[in-house]
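Numbering follows my numbering, with no gaps: position 146 of the sequence shown is 137.
Where a beta carbon is used, it is the ideal one built from N, C-alpha and C, also for glycine.
Because the structure is a prediction, the values reported are computed rather than measured.
A short worksheet on the structure shown next.
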Amino acid sequence: MKNFKLLSLGAVLAVVVTMFSSCLESDDYQQGGAFYFTVVDDYTTASGKSLIQDFTGMKFIPSASSVQALGGLKGIERAALQYTFPKDTEITENTKEVHVDLVAGWNSFSIQTKDMLTIPDAGEKGDTLRNDSVLSYDTMWAYGGYVNTSVTFDAANTGVYMDMIKQKVSADTLYLHLNLNASQGMVRWSDKYTLRSFRMPPVYSLISDGIKTVSDSIVVAVSVKVKDESLRNNKLQYKYAKYKLK
């Protein structure tokens, strides 16, 4: 895939998770899989890039040719990537890094990434003009400096705008809210799925706001306004995830 473009594919989200899970549970694991990564500039590798896998923290070292096939991963911070392992690769519970070949295809796509906003702050207007409700709140996880969310919403014939708003911090919980502007005042035409990554606030900021320093992790709670047809109204839906501070 010569042009590694930004895609918003919620369907791929389920496929990627399923592929990775099934690979772990079978002998086909050594053939490869697909998952979520943070892309890191790494000039000790032939490609100039390395990948840090979500949840495991394992370092994946992609071959130069496969990175080139994905446009060099230029300007990409977060991505879902399909990969295969070289022949005779052995992976154990103690494996810290592994060499892979990336696969260009519909299972490999970049994830739009941006900073969170703090409210109230008159200087931070962000992209969100409204707080539209979503059709479904699909998933959320927090790892490695990012909070990731996937939602389904009524799509318009213009781009979707999202912001993650930092609301408050308690003794052990960071409360966030996902703001969505899906319509931009245009006619809506279909359901759409999207996966976004938002950079976590610095640890010192969370501590100064009230997070306890004695714990090595906190709870991240992300609320989203979801349509409730039974009530003919909207309601807030929360998802929670543990996040390591250290």
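Check: Would you kindly work out how many angstroms separate the C-alpha atoms of D154 and L72, rounded to a whole number?; Outcome: 24 Å
Check: Go to V217, then tell me how far its beta strand (DSSP E) extends in each direction, as first and last residue.; Outcome: S208 to D219
Check: To the nearest whole angstrom, what separates the beta carbons of I209 and L165, a pair I think is in contact under 8 Å?; Outcome: 6 Å
Check: Quick one: Cα of A60 to Cα of G136, how far?; Outcome: 27 Å
Check: Below 6 Å CB to CB, which residues in the same chain sit around S12 once its five sequence neighbours on both sides are set aside?; Outcome: The predicted position of S12 is uncertain, since its pLDDT is 43 and thus under 50; no value can be drawn from it.
Check: Measure the C-alpha to C-alpha separation of K233 and S57 and round it to an integer number of angstroms.; Outcome: 33 Å
Check: Does at least one heavy atom of the ligand FMN sit under 6 Å from the Cβ of L169?; Outcome: As for the ligand FMN, it is missing from this structure, which has no ligand bound.
Check: Rounded to a whole number of angstroms, what is the C-alpha to C-alpha distance between K237 and S188?; Outcome: 20 Å
Check: Residues in its own chain within less than 8 Å of D18 by CB, not counting five upstream and five downstream?; Outcome: Here D18 scores only 48 on pLDDT, less than 50, and its place in the model should not be relied on; the value that follows carries that caveat. Closer than 8 Å at Cβ, skipping near neighbours: no residue.
Check: Please work out which residues of its chain come closer than 8 Å, Cβ to Cβ, to K218, disregarding the five sequence neighbours upstream and downstream, and give them in chain order.; Outcome: S124, V125, L126 and N225
Check: Is it buried or exposed for Y74, if we count other Cβ within 10 angstroms and need 16 for buried?; Outcome: buried
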